[in-house]
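Each residue of the sequence shown is one higher than the last, beginning at 16 in the working numbering.
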Amino acid sequence: MRRGIGGELILLGLALGFLWYGYGTSSGESAGFELYAPDEGVVRVVSWNVGVSVTDGGVALPPEAEAHVVSALGALAPTVVVLQELRDLDQLERLLDALGDEWRGVLGASYEGRRVAVLAPARALRALRGSAGDGSSLGFRLRLADELRLTGVAIHADALSSRLRNQQVGQAVELVENVDGPVLLAGDLNIDLDLDKRRDLFSDDQYLDVETYNYLAERFVDATLGTGSTAEPDRRLDYVFVSGGWCEVVAAGPWRRQRAPGMDHDPVVADLRPTAAATSR
């Protein structure tokens with residue numbers, strides 16, 4: 016996905032204007048997502064990094080926190096869930112068993128001992144071929160009510176290397192680049208472009224992270240733009256992107272005060288109302 020120097024400079028200029036509009040015009044922290052019962056037909060997407068923070072051990076979802084995750088997802092009643100930092104297939108199966116018989120799940124390859132997963136109370140859910148070999152992304156296809164077919168990617172980009180994040184986001188987009196129909200990309204990108212907050216933890220190349228974000232923003236709609244931080248201490252690292260035209264964003268943002276002990280990410284929710292064009296495909 017890496018571009019030439021000229022292209023980077025153009026994108027950087029565009030990014031600065033975009034960031035001023037998207038972030039610089041806001042004041043204070045957003046309240047985030049407030050739980051409510053969505054209207055029939057609304058697609059509720061949840062993305063959640065359920066791992067333990069580096070300061071508390073930096074491990075994938077502890078077994079003792081599984082019940083908390085199940086309880087939170089049960090309250091949300093989502094249409095599709097993207098999780099980052101699961102341990103293994105056994106853990107995924109325990110979560111599915113606890114959620115109910117109607118739930119299905121697919122699991123990505125191990126990435127530094129952690130895995131991404133997609134879960135849904137759906138008739139049909141399957142993984143796409145070609146998901147990133149390093150385990151950073153997992154493509155999937157989901158059949159919803161009204162015969163809506165959703166193609167998506169779950170992603171967990173590298174926490175330390177901007178170069179790797181750039182490559183991994185490019186690989187994730189390639190999975191859905193030629194899809195004719197509704198597309199979703201969700202997960203922990205480990206990119207924080209909020210100009211009003213600290214910038215000293217993750218980015219080793221600020222310009223490249225801007226380029227990576229804009230690569231996504233050129234192709235998709237950022238459904239959670241302007242909805243506040245998602246991770247400690249005050250960073251927006253978790254995102255939900257959708258292809259343009261197939262849905263209206265009804266509500267979105269981090270659902271606060273839902274972390275188990277040791278977690279440093281909030282679950283991020285996006286309620287999407289499909290358009291007539293999307294459901295008639």
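From the three backbone atoms N, C-alpha and C, an ideal C-beta is built for every residue, glycine too.
Check: Inter-stretch contact at 8 Å, needing at least 3 Cβ pairs: the stretch 104-118 / the stretch 143-157; Outcome: no
Check: Proximal residues to Asp279 (C-beta, below 6 Å), its chain only, five neighbours per side dropped; Outcome: Ser68, Ala246, Glu247
Check: Residue(s) in a DSSP beta bridge with Tyr126; Outcome: Arg129
Check: Integer-rounded CB distance, given that Ala169 should sit under 8 Å from Leu204; Outcome: 12 Å between Cβ atoms; not a contact.
Check: CA-to-CA distance, Pro93 to Ala139, given in whole angstroms; Outcome: 15 Å
Check: Reduced DSSP category for Ser152 - H, G, I as helix; E, B as strand; rest coil; Outcome: strand
Check: Through-space distance from Leu91 to Pro289, alpha-carbon basis; Outcome: 19 Å
Check: Coarse secondary structure for Val225, derived from DSSP in three states; Outcome: helix
Check: Residue from Ala87, Gly56, Glu127, Ser176 with nearest C-alpha to Asp219; Outcome: Ser176
Check: Between the CA atoms of Glu49 and Ala82 - distance to the nearest angstrom; Outcome: 22 Å
Check: Cut-off 6 Å between Cβ atoms - residues of its own chain near Val2, not counting five sequence neighbours on either side; Outcome: The first residue shown for the chain is 16 and the last is 296, placing residue 2 beyond what the model contains.
Check: Beta-carbon contacts of Asp286 that lie in its chain and below 6 Å, excluding the five residues immediately before and after; Outcome: Pro53, Val57, Arg59, Val265, Ala266
Check: Start-to-end residues for the beta strand (DSSP E) that takes in Arg141; Outcome: 139-142
Check: Asp215 - DSSP class collapsed to helix/strand/coil; Outcome: Note that Asp215 scores 46 on pLDDT, short of 50, meaning its location in the model is unreliable; the coordinates nonetheless yield the value given after this. In the structure shown, Asp215 sits in coil (DSSP, three-state: anything other than H, G, I, E or B).
Check: Residue of Val121, Arg130, Tyr228, Tyr222 minimising C-alpha distance to Val255; Outcome: Tyr228
Check: Pair within 8 Å by beta-carbon distance, Gly123 and Ala132; Outcome: yes
Check: Cutoff 6 Å; reference Trp63; Cβ partners in own chain excluding five residues on either side; Outcome: Leu98, Pro282
Check: Arg129 burial status per 10 Å Cβ neighbour count (16 or more: buried); Outcome: buried
Check: Sub-8 Å separation of Ala147 and Ala187 beta-carbons; Outcome: yes
Check: DSSP three-state assignment for Val191, whether helix, strand or coil; Outcome: helix
Check: Residue from Val284, Ala291, Arg274, Val95 with nearest C-alpha to Glu79; Outcome: Arg274
Check: Contact under 8 Å by Cβ, Leu134 with Arg102; Outcome: no
Check: DSSP three-state assignment for Gln99, whether helix, strand or coil; Outcome: strand
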